[in-house]
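Residue numbers (this note's numbering): 10 to 330. This report refers to the structure that appears directly beneath it.
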C-alpha cells in the first residue's frame, strides 16, 4: 500500500517507488521561464524562416513577373535567384540551425527536471546557460499576452500515476502532438507549392515564353522558393515519421510498464526515448505560430483525453485505487 499524489494505492504487478509531481513541477517559475525562453528561440528561428520565404517567394515571384513582361531584366533576375539561394545555404539556414539547437537544449532541461530524468551530457552537451534563458524569457514577455499559456505543458492527470508511467504518458503526448502537427503543416506546404507552380506556369504560357525563357526568367528566380518549400515538406514528413516511430516505442514500453517490468528498466527506456526526442527537436524545421495557435485548443483537448484513458488503463492493470 502506497501514498501517491494524495491517494492510497495498492500495487500488485510492479513496485511503485517515486511519486509523480509533474503538474506542480512544470508550473514552477524556473520551468515556465525555460518554456518562455525556448518559445522565444524558436520564434526567432521562425522569423528567419519567414525572411527565407519572403526572399524566395513573393520577392522572387515579383521579379519573375517583371522579367516576363520586360525581358531586359532576365539576367538580373537570374542573379537574384542565385544570390538568395547562396544566402539561404550559407547564412540563414546555419543561423536558424543554431537557434533550434539552443531551443532544444532549453526544452530538454525542462523535460529532465519535470520528468526527473538525468541529463545526458554525451548526447545533449552542456546545459543551457542561465543568462541565455533569462535573456530569451525576458524577450518573450514582451509578446506573451498574444501567445497561448505556458502552464500545464503536460496533462495534469498523469499525477495519478507513479512517475515511471506518468513520464511515458508525457513522452507519448510529446510525440503525438508534434507528429500530427507536422503532418498537417506538410500537407499545407505541398498545397501552396502546387498552387504557386500552376499560377506561374499559366502566366508563363499566357506570356508566350519559350522553354529557355521559362527556365531563365521564371524557374531560376523561383528556384529558391521551390527548393525551400520542397525541403520543408520533406523534412516535416521525415520528422513526423520519426516521431510516430518513437510513439510506437513509448506505447510498447508502456505495455511493459503496466505489465510489471522493473521500474529501473522502464526509466532507462524513457531516458533512451528522451534522447531521440531531443535529437528530433534539434533537427526538425519549425512550425509557424499561426498553425500552432489554430490547432492548440483541439490538440490540447485530445491530449488530455488520451492521458485520462492511459491513467484509467494503468489503474486497472496495476489495481490502483
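Backbone N, C-alpha and C define an ideal beta-carbon position, used for all residues, glycine too.
Taken through DSSP and simplified to helix, strand or coil, residue 171 comes out as strand. No residue range can be given for residue 161, since it is assigned to no alpha helix (DSSP H) and is classified by DSSP as neither H nor E. With 16 or more other Cβ atoms from the protein chains shown falling within 10 Å of its own Cβ, residue 48 counts as buried.
A residue is called buried once 16 or more other Cβ atoms fall within 10 Å of its Cβ, and residue 242 is buried on that count. Assignment of beta-bridge partners to residue 28 by DSSP yields 171. Spatial neighbours of residue 280 in its own chain (CB-CB distance under 6 Å, excluding positions within 5 residues in sequence) are listed in chain order as 126. Residue 316: member of the alpha helix (DSSP H) spanning 298-327, first to last residue. Three or more Cβ pairs closer than 8 Å define a contact, and the stretch 88-100 falls short of that threshold against the stretch 27-39. A direct Cα-Cα distance of roughly 27 Å separates residue 64 from residue 249. By the neighbour-count definition (other C-beta atoms within 10 Å, threshold 16), residue 210 is an exposed residue. The DSSP-derived three-state label of residue 152 is coil. With contacts defined by Cβ atoms closer than 9 Å, residue 163 and residue 272 do not form a contacting pair. Cβ-Cβ distances below 6 Å link residue 146 to 42, 45 and 46 in the same chain, with the five nearest sequence neighbours on each side left out; the list follows chain order. Taking all protein chains shown into account, residue 173 has 16 or more neighbouring C-beta atoms within 10 Å of its C-beta and is therefore buried. If the five residues before and after residue 119 are omitted, its C-beta is found closer than 8 Å to the C-beta atoms of 35, 40, 43, 44, 47 and 162, all from its own chain and listed in chain order. Rounded to whole angstroms, the separation of the alpha carbons of residue 115 and residue 137 is 6 Å. Taking 9 Å as the cut-off, the beta carbon of residue 295 is found no closer than this to the beta carbon of residue 92.
Our two residues, residue 189 and residue 141, have alpha carbons roughly 30 Å apart in a direct line. Boundaries of the alpha helix (DSSP H) around residue 116: 102-123. Out of 184, 178, 75 and 198, the CA that lies nearest to the CA of residue 267 is found in 178.
Short of 6 Å from the beta carbon of residue 180, and not among the five residues preceding or following it, lie these beta carbons of its own chain, in chain order: 259 and 282. In the structure shown, residue 238 falls within a helical segment according to DSSP collapsed to helix, strand and coil. For residue 138, the secondary structure class from DSSP, reduced to helix, strand or coil, is coil.
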